[in-house]
Amino acid sequence: MTEKILARHAGRDSVRPGDIVVTSVDTVVPLDMNFYDSMWAEPTKVFDPDRVVVIFDHVVPAPSRQVGEALERGRAFAAKHGITRVHDVGPEQGICHQLIADVPYAMPGELLVCVDSHTCSGGALNCAARGIGAPELIYTMAKGVTWFQVGETVRYELTGTLSPYVAAKDVFLHLADHYGAHVGQNIEFGGPALSTLTLDQRRTLTTMCAEVSAEFAIAEPDDVLRAHLEARGRTMDGAVYPDADAEYHAVRTLDLSEVEPRVGLPGSVVHHTAGVRSVRGTRINRAFIGSCANGTIADLREAAAVLSGRKVASGVTLFVTPGSQAIYRQAVHEGLVATLTDAGAVVTVSSCGMCAGFQNSLGPEDVCIASSTRNFAGRMGHPDAQIYLASSGTVAASAVAGAIADIREFQE
Amino acid sequence: MAVPGRVWCFGDDVNTDLIQPMHTVFKPVAEQHRYVFEANRPGWVDLVEPGDILVAGRNFGTGSSRPAAKLLVDLRLGGLVADSINWLFFRNCVNFALPALSCPGVSELFTEGQHARLDLVAGTVENTDTGQTRQGTPWTPELLDIVAAGGLLKQLERDGLLVTGTSDE
Ligand code: SF4
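Top line first, the protein sequences correspond to chains A and B. In terms of my numbering, the first sequence opens at residue 1 and continues consecutively. In terms of my numbering, the second sequence opens at residue 413 and continues consecutively.
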């Protein structure tokens, strides 16, 4: 599917792994980070202002003068070039990948680039979406084209059904544990069980594919996607489907019924995750629910279900950061914010938050369990801090226990 | 383009947070390179010399899109070779004009302090102390043109598409 989208945008009938192709792009998404003086270079023109979306998400609301200046520069640039789709601090604020999927800006069969490495997230909408570097983003915004090296594709055939309390995050951790890095490879999700996953769950999978170094991650289009698009007045017209005779580097079956709650171990998830039972009891003092992979309304509901009538353990800080202000508002209306805060959680304004250490940064002795994307040393603060990754339910259960906990024992 | 240089050996899975720790991303550009590898190889930035070559194992540069490759350029590293390079990181190498080759098996070829020569057109790496070579992926003319221009932003500037004075390149 990825090859078809690249070929379509390169004006070719087909492309093959190894090819380097120059492609047009449909949507370019600069973020607040692009406008920092250390990264910004101003293009004299924008190839098409209606194809550019500006999103402020990483370090918002501006915590310092430097960030304040960067956001001002971004606003001025958007105004100068007639870019109207600007997600500034305020009610339309949100993490780029959440908005790209929810608005949506990622469309089936299209090509979207953004400066964040988890842009493969948009593949849940059958869009070839890719993170690129800051200078490339400026280049692409000016010219409307970029280049890609075509990778081989690994297809995952999803079968079976998820057991209770097992999350899409667990499916990804299972995949990362079994199959490790996918350097230079595209990942494709399909198979009979894809239809049992919500769009949010698919996006957890595609977003997390950045952690196994995948290029593009893309899901087959189906009725779940169609319903998501139609609810927003859009259609699935551009969708691409895999060819019957498509060539893959590998086709692997992923039986969802075999997946158990898992935890990503500190450092990296590549061949480095464990069944929750084997790390159960590990003390934690920081917990975080949020990020572009797991800041959805479903994550907040999952957390609230665990925390309802319970308390965050003393000495533990639990931060909950919705993926967008729209999700925040919905959580308020559903009473989730009351449940979470009554239990002792801190619910913050939508942003990347703790995911990249921009809020509540970790100290050297801190041990954190997070439903965010990445657990490299130093990712959330001090390089000596330990970061475990898990589903939002597992994080909530662990926050209550003060130690890594098995959500199944909690809920039964 | 052939680049000879003294070799520094690194292991597998060297990620972007090691090259450019998150807490340094928004520090002044002139200071950022001081923190390169502070977690895994403190002090290295004081030892590396212009033209040196970094040799690494698998999956070099995995992680963020942040301009970590630029810091290696700022340290005046002459080149990077690894058994495999994360493709997003490789894009950044091209765009910041850092000669880089993904070359299976290359990490076995070197011990630290030996010398390497990269040939981007041929896609080869030679250990000039032992004469052994390994074949990687050759660069195409499009990529070589970006490096010849001094990086992607320089290329934009050359083509009149940058407001002058807004790039620190
Ligand atoms: S939430 Fe984390 S991974 Fe996602 S875009 Fe923000 S910093 Fe990147």
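Quick reminder that beta carbons are idealized off the backbone N, C-alpha and C, glycines included. Since the structure is predicted, the reported quantities are computational estimates derived from the model, not experimental observations.
Non-local C-beta neighbours of R283 (chain A) in its own chain, meaning closer than 7 Å and more than five positions away in sequence, comprise V367, G402 and A403, ordered along the chain.
With a cutoff of 8 Å, G353 (chain A) counts as near the ligand SF4, since its C-beta is closer than that to a heavy atom of the ligand. In the DSSP annotation of this structure, the continuous segment of the beta strand (DSSP E) that includes T317 (chain A) starts and ends at T317 to V320.
When Cβ pairs closer than 8 Å are counted between the two stretches, the segment 497–507 of chain B is seen to touch the segment 125–141 of chain A, the count reaching three or more. Using a Cβ-Cβ cut-off of 7 Å, S213 (chain A) is close to N471, T474 and N498 of chain B, given in chain order.
When beta bridges are read from the DSSP output, G190 (chain A) appears opposite A:E157.
Of the heavy atoms belonging to the ligand SF4, at least one sits nearer than 8 Å to the Cβ of S117 (chain A).
Comparing alpha-carbon positions, the option among A:Q98, A:C96 and A:A124 lying closest to P108 (chain A) turns out to be A:A124. Shortest Cα-Cα distance from E520 (chain B) to any of B:D424, B:P416 and B:N498 involves B:D424.
For the options A:E157, A:Q93 and A:N294, the alpha carbon positioned closest to that of C355 (chain A) is the one of A:N294. For V22 (chain A), the three-state secondary structure derived from DSSP is strand. When C-alpha distances from Q386 (chain A) are compared across A:N375, A:A396 and A:G393, the shortest belongs to A:N375. Across the set A:K45, A:D32 and A:S268, the C-alpha of A:K45 shows the shortest separation from the C-alpha of E569 (chain B). R478 (chain B) has a beta carbon lying within less than 9 Å of a beta carbon in chain A. Membership of Y139 (chain A) in any beta strand (DSSP E) is not indicated; the residue belongs instead to the alpha helix (DSSP H) covering A134 to K143. The secondary-structure analysis by DSSP pairs N427 (chain B) across a beta bridge with B:T474. Put simply, of A:H9, A:T235, A:E302 and A:H382 the residue whose alpha carbon is nearest the alpha carbon of V21 (chain A) is A:H9. The continuous stretches of alpha helix (DSSP H) do not include G123 (chain A), and DSSP gives it neither H nor E. In chain order, H382, D384 and A385 place their CB closer than 7 Å to the CB of P364 (chain A), counting only its own chain and leaving out the 5 sequence neighbours on each side.
Using beta-carbon distances, A481 (chain B) counts as an interface residue toward chain A, with a partner under 9 Å.
When secondary structure is reduced to three states using DSSP, F410 (chain A) falls in the helix class. Below the 7 Å Cβ cutoff, chain B contributes no neighbours of G233 (chain A), its closest Cβ being approximately 31 Å away. If you check the C-beta of T317 (chain A) against the ligand SF4, you find no heavy atom less than 8 Å away.
Residues of the segment 425–446 of chain B that bring their beta carbon within less than 9 Å of a beta carbon in chain A comprise D425, N427, T428, D429, L430, P433, M434, H435, V437, F438, K439, P440, V441 and Q444, in sequence order. Under the Cβ criterion of 9 Å, R374 (chain A) is counted among the residues facing chain B.
The C-alpha of I187 (chain A) is placed about 17 Å away from the C-alpha of A244 (chain A).
The continuous beta strand (DSSP E) containing S514 (chain B) extends over residues A512 to S514.
Per DSSP, reduced to three states, the secondary structure at Q330 (chain A) is helical. When secondary structure is reduced to three states using DSSP, Q149 (chain A) falls in the strand class.
Proximity of the beta carbon of G295 (chain A) to the ligand SF4 is indicated: a heavy atom of the ligand is located closer than 8 Å. Contact of F508 (chain B) with chain A is assigned, a C-beta pair being separated by under 9 Å.
Beta-bridge partners of W420 (chain B) (DSSP): B:L466.
Between I327 (chain A) and the set A:A142, A:L99, A:V259 and A:T119, the nearest pair of CA atoms involves A:L99.
Taking a Cβ-Cβ cut-off of 9 Å, the neighbours of G563 (chain B) in chain A comprise P135, given in sequence order.
Annotation: A287 (chain A) to L318 (chain A) spans about 5 Å, alpha carbon to alpha carbon. In the structure shown, T84 (chain A) adopts coil according to DSSP, grouped into three states.
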